[in-house]
Each structure stands twice: as structure tokens, then as C-alpha cells.
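Numbering (our numbering), first residue to last: 23 to 418.
Before any comments, here is the structure.
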Ligand SMILES: NC(=O)c1ccc[n+]([C@@H]2O[C@H](COP(=O)([O-])OP(=O)(O)OC[C@H]3O[C@@H](n4cnc5c(N)ncnc54)[C@H](O)[C@@H]3O)[C@@H](O)[C@H]2O)c1
Ligand SMILES: [Zn+2]
Ligand SMILES: [Zn+2]
């Protein structure tokens, strides 16, 4: 089959690889019909290079048709239409039973000290072949795959794999009081969807911050009060402008949907770039012990949120040596919640919103549909934010 493989920093290629097969009784194999490109894939494309191995199959946002099932997967049948969550979880351990499938004790990558295995996401998360491919082996298929009805196009359901539960968890963790205010930093797919979820869940005011014109326009068109980072002399001024709109206090909650590659963190960018070009044998341990994040967005969140408010981090962070302003966090009495989205924790709550009325606007959420063969171009376009790319779906 054809699959999108990681070959090096900013180098992905579509290659011919062996077809996956059922290996464990709890496996299924699906034929992928749509598969998303995520901001998380961009971290692999660049800063997480030390944790990748050439040939790794990328992707963690797939849906498709069940081709083959193991005997330990009673609820799936060949021909079922399913969306596959980005994490691999058993559904039956203490963590899964407590709604934390991203911490699944059956699939945790204990050798690396990490949580549940993820599709297509570095050796830290198990080096599991990912879903940007014609076929995908789905371990723990007795729990993960979400069956969806025939009829609507894939775009209706595919975001259940990641974007929707991630945005949903971001808003749930943000704990916005009814009618309260929330600022969303970053209006990529995750931040954009988090604004939409906050609106349908009853937030009074939703502020959105980014620096890419079409992303700001998209959010504004749906009633978000948008702020363009580039039209302020510095972040302090932007924070003041939003504070002025919230009785001088700042919003009740701030969602950071930017993560480790934030624009405006020059020193940390140098450190990340240095780690990504070191020889592999050195850069792995180096990255693990001395890694730093680009913290501009998180620092803005800490400054912006009102005293006693909540910061919810969806953006992925990976630093082990990050300096954080603990004095401010403590003094402002800030709640901080974060983590990979627990997909099956939220999926049943989300599905009722995936109707013809389409309150979350999923049907036209994607800006680009491309064949798998165009993956190298799609990665570059999405990373450089060219051609209005916000969400790219590949159709293998
Ligand atoms: N927690 C999870 O389960 C989960 C799931 C999916 C994605 N993510 C993470 O969420 C983040 C966003 O993902 P995405 O797909 O939307 O990616 P993306 O890269 O398209 O979005 C990031 C956005 O942040 C903007 N930005 C950069 N610096 C900024 C700054 N200082 N202030 C405000 N905005 C800034 C960028 O212009 C961009 O639009 C990534 O870090 C991704 O890894 C987490
Ligand atoms: Zn994703
Ligand atoms: Zn489990």
C-alpha cells in the first residue's frame, strides 16, 4: 500500500510499504477513506525530529471501512464505517474506566515513561504506524473505533478522531462559567473548533487570537471577537485590549491552542532548532533532558487570564526544562489543566451535534481535500500557512 512516511526534518514522502494485517485477536484493519493533517504532525515535521525514525508512517486522524477483524472484536463487522481515535486504549483498565484513555494502562509506553500509545507519533508514543495511509492496523479495536452511519460525507465525522474531542476537552477543562468569557490563543483547526464549541456550550464572549489573516477571518465570520497579534506593538498591549473588554480583569478562561512552536519565542526557537539538527544519537537524550518550549502563547495565557481563572492547554508541549513564572501562577490563583484529548470520554456527547443543521460547521471545515500522493506538498503548505490552508484532509 501507499503511506506517508517521515524521512527527516521537513521531509515526508509517499512510499510503498507492506499492507497491514490483523496480528492480535483485538486488531482490526481498516481501508482509510479520509485522514487529517494536524498541527501535531507539524511538530514531527520539525521540532520532534529527535524522536522520529526514518520510515515512520505518519497520521492519527483517520476514518474508513473495516476490512478485517480479529476474533476479539465482537462489535465490529467487515464493511462498518468507523472513525479511529488518535490514541490506542483498551477501554477496560483503571484509567480507561475512569475516562482517561490517553493514560490507558494497557498501552502506556512505560519504557519511555509516557501515557497511552498514539498512532503515528514518535517512539515516545510507541512508534505505531499511523493513519496517513491506504490501510491501517487498529490495535485494541474492541474499544477505539467509533461506528458512524452511512450517508453524509466523511467530513461530517472524521474530526471525531481528534479535532472535535480535543476542542471539546479544551472547553470542558476551561470551565467557563455560564455566560462567561474565554479567550482562545491560536486559531488553527483546534483553536477554531474550540471557539465553536465554546459558543454552542454557552460561553458569553469568545475572543480569538492569531496572526494569520484567513484564520482570523474564519473565526470572525462565526462571531468570535478576533485580535491580530501583528497589529499590536507587543503582547502586553494585546492583553490590555482584551482586559479592557472584560471589566479590566481578563477573561474567565484562556485556551492555549498554540503549543510548543509559538510565534514570538526567539531564544527557545534557537534551542529547538539546535536540537533538531544535532546528530540523532546526541539529539535524542539532549531533547529529553534539556528541551524547551516556545512559551510565548502560554506566557500570554498566564498574563491574560483573570485572577482565579482557568488556563486550558490543548497545544502540545514537550519541554523538560521550561522556566515558568510560578510567582504569577500562584499569586493569580490560576487553575491549569492540560493533556491529550480523551477521545472516547467525549465522543458520545459530540455525536448529537453532527447533524444536517451542522451547528459546529464541520461539513465545510476543511479548506483542502487532496490525494495521499500530494502529502509532501500538503505538509509544506500547512506548515507555511500558504494558500489559505487551515484544515487539510487527505483521501487515500
Ligand atoms: N491535546 C491534544 O489532544 C491535541 C490534539 C490535536 C492538536 N493538539 C495541539 O494543538 C495545537 C494546535 O493544533 P492545530 O492543528 O490547530 O495547529 P496549527 O499549527 O494550525 O495552529 C496553531 C495556530 O497558532 C497560531 N499562533 C502561533 N503563535 C501564536 C501566538 N504566539 N499567539 C497566538 N497564536 C499563535 C498559528 O498562527 C496557528 O494558526 C498544536 O500544538 C497541536 O499539537 C493537541
Ligand atoms: Zn491531530
Ligand atoms: Zn485502558
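We put the CB at the ideal spot given by N, CA and C, even for glycine.
Quick caveat, the model's predicted, so the values are computed rather than measured.
> Any heavy atom of ligand 2 closer than 6 Å to the CB of residue 336?
Replying inline: no
> When the Cα atoms are used, what is the spatial distance from residue 146 to residue 333?
Replying inline: 26 Å
> residue 359: which of 336, 373, 376 and 162 sits nearest, CA to CA?
Replying inline: 336
> Span of the beta strand (DSSP E) holding residue 229?
Replying inline: 227–232
> Mind checking whether the beta-carbon of residue 62 lies closer than 6 Å to any heavy atom of ligand 2?
Replying inline: yes
> In terms of DSSP beta bridges, what is residue 203 paired with?
Replying inline: 227
>> Is it buried or exposed, residue 172, if we count other Cβ atoms within 10 angstroms and call 16 or more buried?
In response: exposed
> Would you say residue 385 and residue 102 are within 7 Å of each other, going by their C-beta atoms?
Replying inline: no
>> Looking at the strands, I want to know which residues DSSP matches up with residue 367.
In response: Answer by DSSP bridge pairing: none, since residue 367 is not bridged.
> Can you tell me where the alpha helix (DSSP H) with residue 261 in it begins and where it stops?
Replying inline: 257–267
> In angstroms, rounded to a whole number, what distance separates the CA positions of residue 373 and residue 184?
Replying inline: 13 Å
>> Taking 6 Å as the cut-off, is the beta-carbon of residue 68 closer than that to any non-hydrogen atom of ligand 2?
In response: no
>> Which same chain residues end up closer than 6 Å to residue 213 when comparing Cβ atoms and leaving out the 5 residues on each side of it in sequence?
In response: 206 and 279
> Just how far apart, CA to CA, sit residue 409 and residue 36?
Replying inline: 22 Å
> Mapping DSSP to helix, strand and coil, what is residue 125?
Replying inline: helix
> Touching or not, the segment 155–168 and the segment 46–54, by the rule of three or more beta carbon pairs under 8 Å?
Replying inline: yes
> The alpha helix (DSSP H) spanning residue 405 covers which residue range?
Replying inline: 397–406
>> For a test of your reading of the model: does the CB of residue 83 fall under 6 Å from any non-hydrogen atom of ligand 2? Yes or no.
In response: yes
> If we call anything under 7 Å between Cβ atoms a contact, is residue 199 one with residue 269?
Replying inline: no
> Relative to the C-alpha of residue 245, which residue among 189, 229, 86 and 292 is closest?
Replying inline: 229
> Do residue 369 and residue 182 have their C-beta atoms within less than 7 Å of each other?
Replying inline: yes
> Between which two residues does the alpha helix (DSSP H) harbouring residue 348 extend?
Replying inline: 348–353
>> Please list the terminal residues of the continuous beta strand (DSSP E) segment that includes residue 87.
In response: 84–91
> Pick from 69, 119 and 190: whose alpha carbon is nearest that of residue 165?
Replying inline: 119
>> Quick test of the definition: if touching needs 3 or more C-beta pairs under 8 Å, does the segment 281–291 touch the segment 311–324?
In response: yes
>> Does residue 123 pass the burial test, meaning 16 or more other C-beta atoms within 10 Å, or should it be called exposed?
In response: buried
>> Applying the 10 Å Cβ sphere with the 16-neighbour rule, what's the burial state of residue 116?
In response: exposed
>> Looking only at its chain, what residues have a beta carbon closer than 7 Å to the beta carbon of residue 322, apart from the 5 residues adjacent to it on each side?
In response: 207, 257 and 261
>> Please classify residue 66 as buried or exposed, where buried requires at least 16 other C-beta atoms within 10 Å of its C-beta.
In response: buried
>> The alpha helix (DSSP H) that contains residue 64, what's its start and end?
In response: 61–67
> In chain order, what residues of the same chain lie with their CB nearer than 8 Å to the CB of residue 402, ignoring the 5 residues before and after it?
Replying inline: 32 and 408
> Helix, strand or coil: which one does DSSP assign to residue 155?
Replying inline: strand
> Looking at C-beta atoms only, is the number of pairs between the segment 67–74 and the segment 86–105 that lie closer than 8 Å three or more?
Replying inline: no
> Leaving out the 5 sequence neighbours to the left and right, which residues in its chain are closer than 8 Å to residue 265 when beta-carbon positions are compared?
Replying inline: 271, 272 and 326
> So residue 357 is in the beta strand (DSSP E); what residue range does that whole segment cover?
Replying inline: 357–360
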